[in-house]
Amino acid sequence: MMGILLLVLTSSSVGFLEAYKLRLRVEYLERFLQFIRAVQTEIQFSAFPVRQLVARHREELKLFDLCDQFCSQGEEFPQAWQKASVQGTKGNGLTKKEIQMMAEFGAGLGNTGIAGQISHCELAAQLFQTQLEEARQEKGKKSKLYAMLGIFSGTAMALVIS
Numbered sequence: 664m665m666g667i668l669l670l671v672l673t674s675s676s677v678g679f680l681e682a683y684k685l686r687l688r689v690e691y692l693e694r695f696l697q698f699i700r701a702v703q704t705e706i707q708f709s710a711f712p713v714r715q716l717v718a719r720h721r722e723e724l725k726l727f728d729l730c731d732q733f734c735s736q737g738e739e740f741p742q743a744w745q746k747a748s749v750q751g752t753k754g755n756g757l758t759k760k761e762i763q764m765m766a767e768f769g770a771g772l773g774n775t776g777i778a779g780q781i782s783h784c785e786l787a788a789q790l791f792q793t794q795l796e797e798a799r800q801e802k803g804k805k806s807k808l809y810a811m812l813g814i815f816s817g818t819a820m821a822l823v824i825s
C-alpha cells in the first residue's frame, strides 16, 4: 500500500514540477525584460559602464550576479556574460532559444554609442516581450495539464499494479 501511495505521490510531483518550471520561465523572462528596460533608461541618462549597470542589478537574477563575479575575477564583460548566461539560467525552464537570446543581448552591450545601445535594448525588449507572451500562453495551456497528467498517470499505474 505504501508503495502505491509513493508511486502516486512521485508521479504527481513530476507533474507539479513541470508546471512549476513553466511558472519559473515566465517569472524569469519578466525580470529579464525589466532589466533590459532599466538598462535602456540608465544608458540614456547616465554614462555608467556596462559592467557597472549589471552589478547594480546583481540581486535580481543569478545571471547578473555570476556575470559580476566573473568580471571581478578579471574576465572581460563579453566572456563573463557568456559564461553567466549559460550557468545562471539553468533550472529556470528557459528554452535554448531564450538562453541564446540572453547571451546575444549581453554580447551586444557596450559595443556601440549611446544611440546604438538604446536601439539594441529596444530590439531586445521587443524580442523578449514576444518570448514572454509565448511563455505566458504555454503556462496557461500546459500548467494544469502537467499537474493532472502527473496525478492521473500515478493513479492509473497504482490501479494497474494493485
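Using the numbering used here, read the sequence shown as starting at 664 and increasing by one per residue.
Glycine included, C-beta positions come from ideal geometry on N, C-alpha and C.
Quantities reported herein were computed from a predicted structural model and do not represent experimental measurements.
Quick one, which of the options has its alpha-carbon nearest residue i's?
i: Met764; options: Ser674, Ile814, His783, Met811; result: His783
i: Ser735; options: Gly751, Gln715, His720; result: Gln715
i: Ala747; options: Ala766, Gly776, Ser816; result: Ala766
i: Leu724; options: Phe711, Val749, Ile706; result: Val749
i: Glu722; options: Phe711, Phe698, Gln745, Trp744; result: Phe698
Hey, would you say residue i sits closer than 8 Å to residue j, going by beta carbons?
i: Leu696; j: Phe791; result: yes
i: Val677; j: Ala821; result: no
i: Val689; j: Ala770; result: no
i: Leu692; j: Lys802; result: no
i: Ile667; j: Ile824; result: yes
i: Gly651; j: Leu687; result: Within the shown structure, residues of the chain are numbered from 664 to 825, placing residue 651 beyond reach of any answer.
i: Ser806; j: Ser674; result: no
i: Ile762; j: Ile706; result: no
i: Val713; j: Gly773; result: yes
Assign residue i to one of two classes, buried (16 or more other C-beta atoms within 10 Å of its C-beta) or exposed (fewer than that).
i: Ser709; result: exposed
i: Gln794; result: buried
i: Leu729; result: buried
i: Ala819; result: exposed
i: Leu808; result: exposed
i: Gln789; result: exposed
i: Gln800; result: exposed
Taking three-plus beta-carbon pairs below 8 Å as touching, is the region 696-703 in contact with the region 777-791?
When C-beta atoms of the region 696-703 are compared with those of the region 777-791, three or more pairs fall below 8 Å, so the two segments count as touching.
Contact the region 727-742 vs the region 670-686: 3+ CB pairs below 8 Å:
Three or more Cβ pairs closer than 8 Å define a contact, and the region 727-742 falls short of that threshold against the region 670-686.
As an exercise, report each continuous alpha helix (DSSP H) stretch of at least 4 residues that is fully enclosed by the region 747-776, in chain order.
Fully contained in the region 747-776 are the following alpha helix (DSSP H) runs of length 4 or more, in chain order: 759-771.
Kindly provide the ranges of any beta strand (DSSP E) runs that are 3 or more residues long and lie completely inside the region 791-824, ordered along the chain.
Listed in chain order, there is nothing to give.
Which runs of the alpha helix (DSSP H) spanning at least 4 residues fall entirely within the region 681-742, listed in chain order?
You should have 713-719, 725-735.
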